[in-house]
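**Q**
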Amino acid sequence: MNFQLSEAQQNLVKEAREFALLEVAPYAAQWDQEEHIPRRQIKKLADAGYFGMTIPEEYGGRGLSAIDAILVIEEIARHCGISGRLIVDHNFGAAITILNFGTEEQRERVLPTICNGETLMSIGMTEPGAGSALTDLVTSATEDGGEYILNGKKHWITGAGEREYTLVYARFNGVAGTRGIGAILVHKDMPGFRYAGRIPSLGVRGVQEGILEFENLRAPKENLVVPPGSAFRRLMSAYNGQRVGASAVALGIAQGAFDFAKDYADKRRQFGKRITDFQAIQFKLADMAIDIEAARFLVYRAASNAGMAITNRYESSIAKVFASEMAIRVTNRAIQLCGAQGYSRGLPLERMFRDARCFTLAGGTAEMQRIGIAAGILGRKLPQD
Ligand SMILES: Cc1cc2nc3c(=O)[nH]c(=O)nc-3n(C[C@H](O)[C@H](O)[C@H](O)COP(=O)(O)OP(=O)(O)OC[C@H]3O[C@@H](n4cnc5c(N)ncnc54)[C@H](O)[C@@H]3O)c2cc1C
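Numbering of the sequence shown is given in this note's numbering, commencing with residue 1301 and proceeding in unit increments.
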């Protein structure tokens, strides 16, 4: 077991730090306030080589490992959670599903444009009646000649209305249960694709969550990425990497809040002393550091053991639960350390606190992760298996 980063990884982190300080940190508050990150800024992430890090070079990526991508994501998220999430979405999730389970034609057609930031990609799983119980989804895909006709509604879709592609999880030809579920790629310019509005929410505001509706959308059969049958297991396995990516964003946000609060507290004077001279404050800092380090090892372990950016379910879920709950604790404590100033909009901590809040929900709730972890411990199947 080696706990040291390689020289190449240290360089990757150093470059990401420099990039973040120049291109991300100065604008993070503005993107949060305007609830929008401009496309040209997203393109800068791609131009810096941060999209498609996990994608092989033959498809326009960098052929790096999942842990390499995680190191970059953590570093960027220290300054801006939404930039971190954008990098996650274009290194794990739908891109990895296409890489591992799509056709060669799809890999050649779609992945290079993802890597260079020309097109962006969402995942369309959640429906009004199918959240944690994803297998209850009813969006239908019905075969008709060389096409599938899609009808249905997805909500809480990150990047809805802004991103070109959505990998839609649908029920094929009315087949009940997990065997009817597959995934098909749709483009926002396809007739029948409708962006039905934004869902205003607490944090990570620079990237919108929204509603998508499909009305007799005809997608060519060539866009079928994971055919129904045994697709659900494969779709979920590909999604584990997305969970580890989200955990890295939570970790980065927590580290950013910790760094800020530590510096602030070390300068702040009360009762004629620096407040960091009080042991109560020192213990807070120590507890925050313990929390962050523990999360870091869980996230790094899950990423290090990944093959083709697909991580182990048990390790991914443990990392996700701990990192997401840790980030809420740490950002909350960071506000407390800075007193009323920490609560003000003048400091980045309230943004970090709001941003951190999403990770026990997005990507599968902490409760559902615990159910999966328990199934692993007890050697039982999940209802979705
Ligand atoms: C910021 C954000 C981004 C998102 N991005 C996307 C996206 O890009 N694409 C996408 O498809 N979806 C996305 N989602 C949706 C997300 O995946 C769902 O919100 C999540 O799966 C939970 O579903 P739900 O909100 O319907 O909650 P529900 O399933 O209604 O759950 C409500 C509560 O009940 C608990 N619960 C449910 N079942 C059980 C059980 N069996 N045992 C114990 N507790 C249970 C849950 O843990 C939760 O606390 C996003 C959500 C957020 C907040």
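The C-beta atom is built at its ideal place from N, Cα and C for all residues, glycine as well.
On the three-state DSSP scale, how would you describe Pro1500?
**A** Within the sequence shown, the letter at position 200 stands for residue 1500. Pro1500 falls in the coil class under three-state DSSP.
**Q** Could you give the distance in angstroms between the alpha-carbon of Gly1639 and the alpha-carbon of Phe1597?
**A** Locating residue 1639 in the sequence shown gives position 339, counting from the first residue. Locating residue 1597 in the sequence shown gives position 297, counting from the first residue. So the two alpha carbons sit approximately 30 Å from each other.
**Q** What residue from Leu1512, Met1301, Asp1566 and Met1588 has the CA that sits closest to Glu1427's CA?
**A** Against the sequence shown, residue 1427 aligns to sequence position 127. Checking every option, the nearest Cα to that of Glu1427 belongs to Leu1512.
**Q** Write down every uninterrupted run of the alpha helix (DSSP H) in the segment 1362-1411 whose length is 4 residues or greater and which is fully enclosed by it, in chain order.
**A** List check, alpha helix (DSSP H) in window: 1366-1377, 1381-1389 and 1393-1401.
**Q** Compute the minimum distance between the beta carbon of Glu1334 and the heavy atoms of ligand 1, and state whether it is under 7 Å.
**A** Working through the sequence shown from its first residue, we reach residue 1334 at position 34. No - ligand 1 has no heavy atom lying nearer than 7 Å to the Cβ of Glu1334.
**Q** Looking at the secondary structure, which residues open and close the alpha helix (DSSP H) in which Asp1444 lies?
**A** Locating residue 1444 in the sequence shown gives position 144, counting from the first residue. Premise fails: Asp1444 lies in the beta strand (DSSP E), Ser1440 to Asp1444, not in any alpha helix (DSSP H).
**Q** With distances taken from CA atoms, which of Val1372, Ile1370, Val1507 and Glu1307 is nearest Met1768?
**A** Here the chain comprises residues numbered 1301 to 1685, so residue 1768 is not present and cannot be evaluated.
**Q** Classify Val1272 as helix, strand or coil using the three-state DSSP reduction.
**A** Given a span of 1301 to 1685 for the chain in the structure shown, any question on residue 1272 remains unanswerable.
**Q** Since Leu1437 and Ile1481 are thought to touch, with beta carbons under 8 Å apart, how far apart are those beta carbons, to the nearest angstrom?
**A** Taking the first residue of the sequence shown as 1, we reach residue 1437 at position 137. Taking the first residue of the sequence shown as 1, we reach residue 1481 at position 181. Sure, about 7 Å apart at Cβ, within 8 Å.
**Q** List, from N- to C-terminal side, the alpha helix (DSSP H) runs of 4 residues or more that fit wholly inside the segment 1644-1670.
**A** Counting only runs of 4 or more, we get 1649-1656.
**Q** In chain order, which continuous runs of the alpha helix (DSSP H) of length 4 or greater are located wholly inside the segment 1564-1605?
**A** Entirely contained in the segment 1564-1605, the alpha helix (DSSP H) runs reaching 4 residues are, in chain order, 1579-1604.
**Q** Hey, Ile1592 and Leu1551 are a contact pair by Cβ (cut 8 Å); roughly how many whole angstroms apart?
**A** As a first step, residue 1592 must be located in the sequence shown, where it is residue number 292. As a first step, residue 1551 must be located in the sequence shown, where it is residue number 251. Right, the Cβ-Cβ distance comes to about 7 Å (below 8 Å), so this counts as a contact.
**Q** Assuming Thr1466 is part of the alpha helix (DSSP H), what are its boundary residues?
**A** Here residue 1466 refers to the residue found at position 166 of the sequence shown. No alpha helix (DSSP H) holds Thr1466; the beta strand (DSSP E) holding it covers Tyr1465 to Phe1472.
**Q** Give the DSSP-derived three-state secondary structure of Lys1488 in the structure shown.
**A** Walking along the sequence shown from the start, residue 1488 turns up at place 188. Coil at Lys1488, not helix or strand.
**Q** Is Leu1682 near ligand 1, with its Cβ less than 7 Å from a heavy atom?
**A** Looking up residue 1682 in the sequence shown gives position 382. False, no ligand heavy atom lies under 7 Å from that Cβ.
**Q** What is the DSSP secondary structure of Glu1335, reduced to helix, strand or coil?
**A** Taking the sequence shown and counting its residues from 1, one reaches residue 1335 at position 35. Glu1335 falls in the coil class under three-state DSSP.
**Q** For the candidate residues Leu1312, Gly1663, Arg1670 and Ala1348, whose alpha-carbon lies nearest to that of Ala1538?
**A** The sequence position of residue 1538 within the sequence shown is 238, counting from 1. Cα-wise, what sits closest to Ala1538 is Gly1663.
**Q** Report yes if the C-beta of Ala1662 is less than 7 Å from at least one heavy atom of ligand 1; otherwise report no.
**A** For the purposes of this step, residue 1662 is identified with residue 362 of the sequence shown, where counting begins at 1. Ala1662: yes, Cβ under 7 Å from ligand 1.
**Q** For Lys1314, count neighbouring C-beta atoms within 10 Å of its own C-beta (all shown protein chains included) and say buried if the count is 16 or more, exposed if not.
**A** Working through the sequence shown from its first residue, we reach residue 1314 at position 14. Exposed: under 16 other Cβ atoms inside 10 Å.
**Q** Look at the alpha carbon of Ser1616 and the alpha carbon of Trp1456, and state the distance between them as a whole number of angstroms.
**A** On the sequence shown, position 316 is the one that residue 1616 refers to. On the sequence shown, position 156 is the one that residue 1456 refers to. Taking the straight line joining both Cα atoms gives about 22 Å.
**Q** Count the other CB atoms, across all protein chains shown, that sit within 10 Å of the CB of Val1475; report buried if there are 16 or more and exposed otherwise.
**A** By 1-based counting over the sequence shown, the position of residue 1475 is 175. Exposed: under 16 other Cβ atoms inside 10 Å.
**Q** Helix, strand or coil for Pro1428? Go by DSSP, reduced to three states.
**A** Along the sequence shown, read from residue 1 onward, the residue named residue 1428 stands at position 128. If DSSP states are grouped into helix, strand and coil, Pro1428 belongs with coil.
**Q** Could you tell me whether any non-hydrogen atom of ligand 1 is closer than 7 Å to the CB of Ile1484?
**A** The residue given as residue 1484 occupies position 184 in the sequence shown. It does not: the Cβ of Ile1484 is nowhere closer than 7 Å to a heavy atom of ligand 1.
**Q** By the 10 Å Cβ neighbour count, where 16 or more other Cβ atoms means buried, how is Glu1515 classified, buried or exposed?
**A** If you number the sequence shown from 1, residue 1515 lands on position 215. Per the 10 Å Cβ criterion, exposed.
**Q** Helix, strand or coil for Thr1458? Go by DSSP, reduced to three states.
**A** In the sequence shown, residue 1458 corresponds to position 158, counting from 1. Thr1458 falls in the strand class under three-state DSSP.
**Q** Throw me the rounded Cβ distance for the Lys1687 and Tyr1448 pair, which I believe falls under 8 Å.
**A** This structure does not reach residue 1687, given that the chain is present from 1301 up to 1685, and the question cannot be answered.
**Q** Which residues bound the beta strand (DSSP E) around Val1324?
**A** For the purposes of this step, residue 1324 is taken as the residue at position 24 of the sequence shown. It is not in any beta strand (DSSP E) - Val1324 carries neither H nor E in the DSSP assignment.
**Q** For Val1630, name the three-state secondary structure that DSSP assigns.
**A** Residue numbering aside, residue 1630 sits at position 330 when the sequence shown is read from its first letter. Reduced to three states, the DSSP call for Val1630 is helix.
**Q** Please state the DSSP three-state secondary structure of Ile1481.
**A** Position 181 of the sequence shown, counted from the start, is the residue given in the question as residue 1481. Ile1481: strand per DSSP, three-state reduction.
**Q** At what residues does the beta strand (DSSP E) containing Ile1511 begin and finish?
**A** Looking up residue 1511 in the sequence shown gives position 211. First-last of the beta strand (DSSP E) with Ile1511: Glu1509 to Pro1520.
**Q** Starting from the Cα of Ala1346, find the closest Cα among Met1490, Ser1383 and Tyr1643 and give me that residue.
**A** One-based indexing of the sequence shown puts residue 1346 at position 46. Out of Met1490, Ser1383 and Tyr1643, Ser1383 has the C-alpha closest to the C-alpha of Ala1346.
**Q** How would you call Asp1655, buried or exposed, if buried means at least 16 neighbouring beta carbons within 10 angstroms?
**A** As a working note, residue 1655 is residue 355 in the sequence shown. Buried, since its Cβ has 16 or more Cβ neighbours within 10 Å.
**Q** Would you report the Cα separation of Glu1650 and Ser1644, rounded to the nearest angstrom?
**A** Looking up residue 1650 in the sequence shown gives position 350. Looking up residue 1644 in the sequence shown gives position 344. Approximately 7 Å, taken between the alpha carbons.
**Q** Whole angstroms is fine: what's the gap from Ala1483's alpha carbon to Ile1677's?
**A** Reading the sequence shown from its first residue, position 183 is the one you call residue 1483. Reading the sequence shown from its first residue, position 377 is the one you call residue 1677. Cα to Cα, the separation comes out at about 29 Å.
**Q** Just to check, is the beta-carbon of Ser1501 closer than 7 Å to a non-hydrogen atom of ligand 1?
**A** In the sequence shown, counting from the first residue as 1, residue 1501 sits at position 201. Yes - ligand 1 has a heavy atom lying nearer than 7 Å to the Cβ of Ser1501.
**Q** CB of Gly1431 to nearest heavy atom of ligand 1: below 7 Å?
**A** In the sequence shown, the residue the question calls residue 1431 occupies position 131. Checking the Cβ of Gly1431 against ligand 1 gives yes.
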